[in-house]
Amino acid sequence: MYATERHQAILDEARRAGRVDVRELSENLAVTPETIRRDLTTLERRGLVQRAHGGAIPVDRLGIEPGISDRESLLSVEKSNIARAALQEVPDGGSIIIDAGTTTVRLAELLPTDRELTVVTHSLPVALLLSTKPNIDLHFLGGHIRGRTLAAVGPWIQQAIATVSVDVAFIGINGLTVERGLTTPDLDEAIVKSTLVAAARRVVVLADHSKFGRQDFGLVAPLSAVDVIITDRGLDGELYDEIVTAGTDVVRA
Numbered sequence: 001m002y003a004t005e006r007h008q009a010i011l012d013e014a015r016r017a018g019r020v021d022v023r024e025l026s027e028n029l030a031v032t033p034e035t036i037r038r039d040l041t042t043l044e045r046r047g048l049v050q051r052a053h054g055g056a057i058p059v060d061r062l063g064i065e066p067g068i069s070d071r072e073s074l075l076s077v078e079k080s081n082i083a084r085a086a087l088q089e090v091p092d093g094g095s096i097i098i099d100a101g102t103t104t105v106r107l108a109e110l111l112p113t114d115r116e117l118t119v120v121t122h123s124l125p126v127a128l129l130l131s132t133k134p135n136i137d138l139h140f141l142g143g144h145i146r147g148r149t150l151a152a153v154g155p156w157i158q159q160a161i162a163t164v165s166v167d168v169a170f171i172g173i174n175g176l177t178v179e180r181g182l183t184t185p186d187l188d189e190a191i192v193k194s195t196l197v198a199a200a201r202r203v204v205v206l207a208d209h210s211k212f213g214r215q216d217f218g219l220v221a222p223l224s225a226v227d228v229i230i231t232d233r234g235l236d237g238e239l240y241d242e243i244v245t246a247g248t249d250v251v252r253a
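Its first residue numbered 1, the sequence shown is counted upward by one per residue in the UniProt record's numbering.
Now the structure itself:
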């Protein structure tokens, strides 16, 4: 059994049973406990399980979506590298969407001041960052504010975004797989993100490596709706190959 197959078997069992045990996995998969521990470490780095004493619990069974303050410090260097690489996708003038998320906030911090830009966002942190920049024509999509993400959600956003067409949408995401595309834990945010994707002529997803291989409750869009994914160098080579083979460009910053 190849490592990728073993990882999938471990994840499938974790999701079926609610947790996995190192000793049992070692016996069932005929590998050493050390190998299983390395596998669990790999899965944890990809954001798919959380290590526990003697085993691990699948993240999607925890039922907890980390708040924005908890996520800001995770993979900080990687997120900054992704944001800097995303600047190559910012048009020389024109209009962009900046979605809610900790990596998209970093992009907002780095936006150039030497060109006029129209920016649409439903993220309070992004709006506050850009509200005083004279070269930014800012459009804030209001609605019900989710305290966990500081993002506005609700039907007002759908109505407003349906009236515009932007050059590029920079989308943050919680889960990304070839089979299910883009997903996020909250259904209201998934609907907003879907609307933002549909409003853009070019879609750029900003996602650190821990988001790959994870599936969340709310469906946002298939990979076919995405032009390019910008991630970090921690992305597993086999996952990279799967996505590129599926037809989506991937940049590892």
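C-beta: ideal position from N, C-alpha, C; glycine also.
All values derive from a computational prediction rather than experimental measurement.
Assignment of residue 127 by DSSP, reduced to helix, strand and coil, places it in the helix class. With contacts defined by Cβ atoms closer than 8 angstroms, residue 140 and residue 127 form a contacting pair.
Looking from the CA of residue 94, the closest CA among 131, 138, 213, 198 belongs to 138.
Of the residues assessed, residue 210 falls on the buried side of the cut-off, its CB having 16 or more other CB atoms within 10 angstroms. Taken in chain order, the complete beta strand (DSSP E) segments of 3 or more residues contained in the segment 96-182 are 117-121, 136-140, 144-146, 151-153, 166-172, 175-177. The shortest CA-to-CA distance from residue 23 to any of 16, 15, 8, 39 is the one to 39. For residue 32, there is no enclosing alpha helix (DSSP H), as DSSP marks it with neither H nor E. For residue 233, same chain residues with a beta-carbon under 6 angstroms away, outside a window of 5 residues either side, are 252 in chain order.
Selection 193, 20, 110, 91 evaluated against residue 222 yields 193 as nearest (Cα-Cα).
Taking the CA atoms as reference points, residue 213 sits about 38 angstroms from residue 132. The alpha-carbon of residue 166 is positioned some 10 angstroms away from that of residue 198.
The alpha-carbon separation between residue 238 and residue 112 amounts to approximately 35 angstroms.
Comparing alpha-carbon positions, the option among 8, 77, 5 lying closest to residue 208 turns out to be 77.
Counted as a single uninterrupted DSSP element, the beta strand (DSSP E) harbouring residue 55 occupies residues 55-58. Between the C-alpha atoms of residue 147 and residue 52 there is a straight-line separation of about 28 angstroms. Straight-line measurement puts the Cα of residue 236 at about 21 angstroms from the Cα of residue 57.
Proximity to residue 122 across 110, 169, 91 peaks at 169, based on C-alpha coordinates. The beta carbons of residue 124 and residue 108 sit no closer together than 8 angstroms.
Boundaries for residue 236: no beta strand (DSSP E) harbours it, and the DSSP string shows neither H nor E there. Annotation for residue 214: no beta strand (DSSP E) segment contains it, and DSSP assigns it neither H nor E. Here residue 85 is buried. Its C-beta has 16 or more other C-beta atoms within 10 Å. Measuring C-alpha to C-alpha distances from residue 178 to each of 91, 18, 81, 229 identifies 229 as the nearest. For residue 218, the pairing in a beta bridge is given by DSSP as 184. Between residue 249 and residue 91, the alpha-carbon positions lie close to 18 angstroms from each other. Membership of residue 50 in the beta strand (DSSP E) is indicated by the continuous run 49-52.
Contact annotation: residue 186 and residue 218 have beta-carbon atoms nearer than 8 angstroms.
Per DSSP, the unbroken alpha helix (DSSP H) holding residue 12 starts and ends at 3-17.
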